[in-house]
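Below: the structure, in structure tokens.
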Amino acid sequence: MTTPRIITAMLCLFLLASRLPAEDMPATPKPADRAKVLVTARDQGLEWLTKHQAADGSWGKTYTVAVTSFACLSALSASDEPFTGERGQGLVKGLKYLLSKQTEGSFEPQGHSWIHGQGFATLALSEAYGRSLFVKTKPDIDTETLKSVVAQAVKVIAANQSTSGGWWYTPGSPGQHEGSTTVCAVQALVSAGNYGIEIDKKVLAKGFE
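Numbering of the sequence shown is given in numbering that gives the first Met the number 0, commencing with residue 0 and proceeding in unit increments.
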């Protein structure tokens with residue numbers, strides 16, 4: 000089809016749509032209705048996570064460190080008091096699972112991408128520590144342990160920054176970097192810094208570059 004014919008066809012469709020009766024046009028949902036739909040979807044998602052958590056506190060069949068980190072982040076962001084009730088218990092179990100998968104802040108490698116698990120687990124534990132500072136119901140977990148592990152984990156992340164300023168899938172890869180790996184490392188560093196945990200600001204600045 001030539002360009003003039005394409006333009007003509009588009010104009011015809013536009014004119015046809017403009018002549019549709021108002022009752023035939025899809026209604027724009029009100030903000031309150033949209034919010035209700037989103038809250039319902041969120042709660043259904045959290046309910047699914049609660050039902051599918053493994054006995055050891057993890058989620059997923061593979062890449063359990065990263066997947067469990069995402070599940071914990073979901074629970075942390077869904078409530079002003081994330082450590083209460085059945086969901087709160089599941090969240091704490093997930094956090095304890097993550098703690099069990101690290102040694103001196105270095106998380107267990109799973110699959111071909113170590114840094115994704117390292118970055119997302121550090122982010123989840125950091126956010127859990129940060130939230131514990133402001134909630135009424137404290138988590139059934141040693142928050143000083145959370146803080147200590149995050150402090151170690153950000154040092155591990157910093158030590159594996161490539162000479163280019165980014166991060167690669169595996170540790171000790173000088174000069175190599177990739178977008179998603181760098182983003183998850185930077186997110187972890189930013190979160191830790193936000194909650195008063197010491198980070199190397201030069202490492203963070205180089206990551207942003």
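Glycine is no exception: its CB is placed at the ideal position from the N, C-alpha and C atoms.
Small disclaimer: the values here were computed from a predicted structure and weren't measured.
Classified as exposed, Thr102 has fewer than 16 neighbouring CB atoms from the shown chains inside 10 Å of its CB. Taken in chain order, no unbroken stretch of beta strand (DSSP E) lies wholly in the region 58-86 with a span of 3 residues or more.
Beta bridge pairing from DSSP links Thr102 with Ser105. Between the region 61-76 and the region 32-40, the count of C-beta pairs closer than 8 angstroms stays below three; the two stretches do not touch.
By the criterion of a C-beta distance shorter than 6 angstroms, Ala191 is surrounded in its chain by Ser125, Val149, Val153 and Ile198, once the five residues flanking it on both sides are discounted. Cβ-Cβ distances below 7 angstroms link His51 to Trp58 in the same chain, with the five nearest sequence neighbours on each side left out; the list follows chain order.
Listed in chain order, the non-local C-beta contacts of Trp113 below 7 angstroms within the same chain comprise Tyr168, Thr169 and Pro170, local neighbours out to five positions each way being set aside. Sequence-distant partners of Gln160 (beyond 5 residues in either direction) whose C-beta falls short of 8 angstroms from its own C-beta, in its chain, are Trp166, Ala184, Val202, Lys205 and Gly206. Comparing C-alpha distances from Gln109 to each of Glu85, Lys92, Lys60 and Lys29 shows the shortest one belongs to Lys60. Of the candidates Gln186, Pro30 and Lys29, Gln186 places its Cα closest to the Cα of His115. Assignment of alpha helix (DSSP H) within the region 138-201, counting only whole runs of 4 or more residues, yields 142-158 and 178-193 in chain order.
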